[in-house]
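Engineer: Numbering (full-length UniProt numbering), first residue to last: 1 to 500.
Note that the Cβ used here is the ideal one computed from N, Cα and C, for glycine as well.
I'd like to ask some things about the structure below.
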């Protein structure tokens, strides 16, 4: 009962059941029971109860899983100290994996990798959960070099056919931009389960390959695997990135009618994005108003982004006003509204939005891009960046600009939402972070190796046009991941077909 309560998130009930058993029942205590109770303490943030139990556990000689409790409540330092100070705990992969998983959830991948290195030094065999957690972290941070090394260790530990490990490997290569590697990893799975199929579908969605994602879905059905809510989130995202409105609406309709899956807010938000990206802003707004529950911030943010794309000021102002109430500290909503005004050259409104942000201490997220070269991450901001090879990069930027101008590049000054002279706008665009990263990478990467650039916000229209031409004049394949999807540039064109 205690274990069942803990696993289903009923932490208070788990602790009350333990108390009742302790007071009224003549039941022996073992390490399995204590581990369940400690997990309930962790999940329910019952820190003081957990520390009392820790003392009791030590007296009984069952210390092995106490670190799990500390990890669950976010006290990773205590959990880590327990692993370091007690040599008898060195054989417990569960405690190590719990600590790794919590560091990953806290977005502290370096500490997670340090714990992993420690368990390897102690000759403790990592299991499928250890690898799944670490590779998932590499996927989220697009850490390709570390992900590849972990993939090699997966083979060494004979876990390459584990369905969960295989699924995160497929996801990892996809999020690092290597679509072909992701497909190959999937094809090597002898018997793919629904998690692996969902991972591949998600990869195609992230790379804007809607028809391919739908094809994966159909093949999954042929294998007689049941689609889940996650399956349809991937499908709807794929349709949104590819402008497949009819197909996306059809899949939403089939969720309840065919597969008995009740759509959640995430599914409805995907459809808002689907309609908005395709320019159907009135339909998107009507869809939001007809939702069976209150639309979340993501739905309104999707509509606002589409209003910026298609210059719909009235709906944009409505969406921004609602977002301000839902998420007062969301700088992205204010920035998008400011961009709508800037596109119409309403500079007074732009200044008003920026003043409001300053008065309310809402700070705009700065844009930056990064590339991995020689096992080192090189980060670039807009203009105010410092790098040992700055002069070399400046020369390369100027050289690239000359080449792409000859190839037909025309500056899109609408991509600069500031009231500046034309020449200043050109200069600002020339120093956008993705442009700098794209100029730096080919200087040090061998010919034939793709250039992979990551960016924390959406790539601007001007940089998208410029990088298309850079791929042509340099004869290089360039892969750019922004905050929503991948762009594959080659020979002057992009995989998104200018729809993003």
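CA-CA distance, residue 206 and residue 241?
Structural biologist: 8 Å
Engineer: By a C-beta neighbour count over all protein chains shown, 10 Å radius and 16 as the cutoff for buried, is residue 152 buried or exposed?
Structural biologist: exposed
Engineer: Would you identify the three-state DSSP class for residue 488, choosing helix, strand or coil?
Structural biologist: strand
Engineer: Within the segment 247-284, note down every full beta strand (DSSP E) run reaching 3 residues or more, in order along the chain.
Structural biologist: none
Engineer: Spatial neighbours of residue 491 within its chain, please: CB distance less than 7 Å, with the 5 preceding and 5 following residues excluded, ordered by chain position.
Structural biologist: The beta carbon of residue 491 lies closer than 7 Å to those of 471, 472 in the same chain, with the five residues before and after it left out.
Engineer: In angstroms with no decimal places, state the Cα-to-Cα distance between residue 5 and residue 451.
Structural biologist: 49 Å
Engineer: What does the Cβ neighbour count give for residue 220, buried or exposed, with the cut at 16 atoms within 10 Å?
Structural biologist: It counts as buried.
Engineer: Using the Cβ count rule (16 or more neighbours within 10 Å means buried), how would you classify residue 444?
Structural biologist: exposed
Engineer: Tell whether a beta-carbon distance below 8 Å holds between residue 331 and residue 365.
Structural biologist: yes
Engineer: Cβ atoms of residue 419 and residue 343: under 8 Å apart, would you say?
Structural biologist: no
Engineer: In the DSSP assignment, find the beta strand (DSSP E) that holds residue 190 and state where it starts and stops.
Structural biologist: Where residue 190 is concerned, there is no enclosing beta strand (DSSP E), given that its DSSP letter is neither H nor E.
Engineer: Does residue 345 pass the burial test, meaning 16 or more other C-beta atoms within 10 Å, or should it be called exposed?
Structural biologist: Classification of residue 345: exposed, given that the 10 Å Cβ count is below 16.
Engineer: Beta-carbon separation of residue 165 and residue 128 under 8 Å?
Structural biologist: In this structure, residue 128 lies closer than 8 Å to residue 165 by Cβ.
Engineer: CA-CA distance, residue 386 and residue 195?
Structural biologist: The C-alpha of residue 195 is placed about 43 Å away from the C-alpha of residue 386.
Engineer: Going by DSSP, what residues sit across from residue 380 in a beta bridge?
Structural biologist: 369
Engineer: For residue 138 and residue 147, what's the separation of their Cα atoms in angstroms?
Structural biologist: 6 Å
Engineer: State the CB to CB distance for the pair residue 487 and residue 459, rounded to an integer number of angstroms; the pair is presumed to be in contact (CB under 8 Å).
Structural biologist: 7 Å
Engineer: Using alpha carbons as the reference points, say which of 429, 416, 484, 110 lies closest to residue 341.
Structural biologist: Of the listed residues, the one whose Cα sits closest to residue 341 is 416.
Engineer: Which residue's Cα is closest to the Cα of residue 327: 362, 105, 100?
Structural biologist: 362
Engineer: Which of the three DSSP states, helix, strand or coil, is assigned to residue 399?
Structural biologist: Assigned with DSSP and collapsed to three states, residue 399 falls in helix.
Engineer: If I follow the unbroken alpha helix (DSSP H) through residue 214, where does it start and stop?
Structural biologist: 210-222
Engineer: Where DSSP assigns a beta bridge to residue 494, which residues make up the other side?
Structural biologist: 489
Engineer: Alpha carbon to alpha carbon, how far is residue 112 from residue 231?
Structural biologist: 29 Å
Engineer: In angstroms with no decimal places, state the Cα-to-Cα distance between residue 296 and residue 251.
Structural biologist: 21 Å
Engineer: What residues are listed by DSSP as bridge partners for residue 468?
Structural biologist: None; residue 468 has no bridge partner.
Engineer: Is the distance from the Cβ of residue 367 to the Cβ of residue 455 below 8 Å?
Structural biologist: yes
Engineer: Near residue 14, what residues of its chain come up, given a Cβ to Cβ distance below 6 Å and the 5 sequence neighbours on each side ignored?
Structural biologist: If we look at residue 14 and ignore the five residues flanking it on each side, its Cβ neighbours are 2, 5, 6, 40.
Engineer: As a quick exercise: from 329, 280, 266, 289, pick the residue whose alpha carbon is nearest that of residue 311.
Structural biologist: 280
Engineer: Looking at residue 469: is its Cβ nearer than 8 Å to the Cβ of residue 422?
Structural biologist: no
Engineer: Apart from the five residues just before and just after residue 236, which ones in its own chain have a Cβ nearer than 7 Å to its Cβ?
Structural biologist: 248, 251, 252, 267, 270, 271, 274
Engineer: Considering residue 481, what are the terminal residues of the beta strand (DSSP E) in which it resides?
Structural biologist: 478-481
Engineer: Could you name the residues of the same chain whose beta carbon sits closer than 7 Å to that of residue 131, not counting the 5 residues immediately before and after it, in chain order?
Structural biologist: 150, 154, 159, 165
Engineer: Can you name the start and end residues of the beta strand (DSSP E) that residue 428 belongs to?
Structural biologist: Where residue 428 is concerned, there is no enclosing beta strand (DSSP E), although the alpha helix (DSSP H) it sits in stretches over 422-430.
Engineer: Here's a check: name, in chain order, each residue in its chain whose Cβ is nearer than 7 Å to the Cβ of residue 173, leaving out the five neighbours to either side.
Structural biologist: 181, 182, 185
Engineer: If we ignore side chains and look at the alpha-carbon of each, how far apart do residue 426 and residue 324 end up?
Structural biologist: If I take the Cα positions, the gap works out to 32 Å.
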